[in-house]
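Colleague: Structure in structure tokens, see below.
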Amino acid sequence: MVDHYLDRFRGVFEEELLNEIKEQGVIKSFEPNDVIMEIGSLIRSMPLLLYGVVKIIREDEDGDELLLYYLEQGESCAMTLNSCMRKAQSEIRAIAETKVEILFLPLVKMEEWSGKYKSWRDFVFDSYHQRFSELLETIDHIAFLNMEERILNLLKKKSEVRNILEISQTHQEIANDLNTSRVVVSRLLKKLELDGLIELHRNRIQIL
Numbered sequence: 002m003v004d005h006y007l008d009r010f011r012g013v014f015e016e017e018l019l020n021e022i023k024e025q026g027v028i029k030s031f032e033p034n035d036v037i038m039e040i041g042s043l044i045r046s047m048p049l050l051l052y053g054v055v056k057i058i059r060e061d062e063d064g065d066e067l068l069l070y071y072l073e074q075g076e077s078c079a080m081t082l083n084s085c086m087r088k089a090q091s092e093i094r095a096i097a098e099t100k101v102e103i104l105f106l107p108l109v110k111m112e113e114w115s116g117k118y119k120s121w122r123d124f125v126f127d128s129y130h131q132r133f134s135e136l137l138e139t140i141d142h143i144a145f146l147n148m149e150e151r152i153l154n155l156l157k158k159k160s161e162v163r164n165i166l167e168i169s170q171t172h173q174e175i176a177n178d179l180n181t182s183r184v185v186v187s188r189l190l191k192k193l194e195l196d197g198l199i200e201l202h203r204n205r206i207q208i209l
């Protein structure tokens, strides 16, 4: 199974590194809405997403959540990498958006591979850059877009990462992702439907 998932990395990672990843990694499976990593948990391994979509969430002191970004196949979480390097507790919550397969790699190998393999260093730096860009995009949305635009952008992003046009999502779940109220989300979803951008069904939203 690992060989199948790691085929996408051939030509990206050296063959020797791929062999080490296969030897050292442990695959775990998760169902939609499973919590993969909790805020405050001790990080014992680095995750490499082999299949599926994971959403990364921050939480404030009052327990309100905000969706930061999505991880897709072949990616890792820069915030988790940062906690790995500092041997610190997790500052994010990772939740399976779809069925997920993750390869967990020992922390001790991160520093070793960074010195041994250029492709691994490039992968880590690229992960930092991509996640930083997505965090800036999230900040821009909060600062410059109204809630209606943020809801539509969220639906489009969910559609993109899942490769579907019909999203199974409650109004409360959307409100949680955007740190707003269900009443506000319901009102604006109805407006988006009247504008001909979406079609609402029971716990489902179709993007038109």
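Position 69 of the sequence shown, counted from 1, bears residue number 70 in my numbering, the numbering being contiguous throughout. For glycine and all other residues, C-beta sits at the position ideal for the given N, C-alpha and C.
#1: Which residues mark the beginning and the end of the beta strand (DSSP E) in which Ala95 is found?
#2: Considering only the beta carbon of each residue, do Ser182 and Arg205 sit closer than 7 Å?
#3: For Arg11, which beta-bridge partners are listed by DSSP?
#4: May I have the straight-line CA-CA distance separating Glu216 from Asn180, to the nearest angstrom?
#5: From Pro48, Leu51 and Glu92, pick the residue whose C-alpha is nearest to that of Leu69; which is it?
#6: Quick check on this structure: which residue in Glu174, Lys157 and Ile175 has the alpha carbon closest to the alpha carbon of Leu209?
#7: For Val162, I'd like the list of residues in its chain whose CB is within less than 8 Å of its CB, leaving aside the five on either flank, ordered along the chain.
#8: Can Ser77 and Leu49 be called in contact, C-beta distance under 7 Å?
#9: Pull up the distance between the alpha-carbon of Arg59 and that of Leu189, whole angstroms please.
#10: Using CA coordinates, which residue listed in Glu149, Val185 and Ile175 is at the minimum distance from Leu198?
#11: Restricting to Cα atoms, I'd like to know which of Leu82, Thr171, Leu155 and Phe105 is closest to Asp127.
Modeller: Taking the structure as given:
#1: Arg94 to Ala97
#2: no
#3: Phe14
#4: Nothing about residue 216 can be read from this structure; the chain reaches only from 2 to 209.
#5: Glu92
#6: Lys157
#7: Val54, Tyr71, Glu73 and Glu98
#8: yes
#9: 24 Å
#10: Glu149
#11: Leu82
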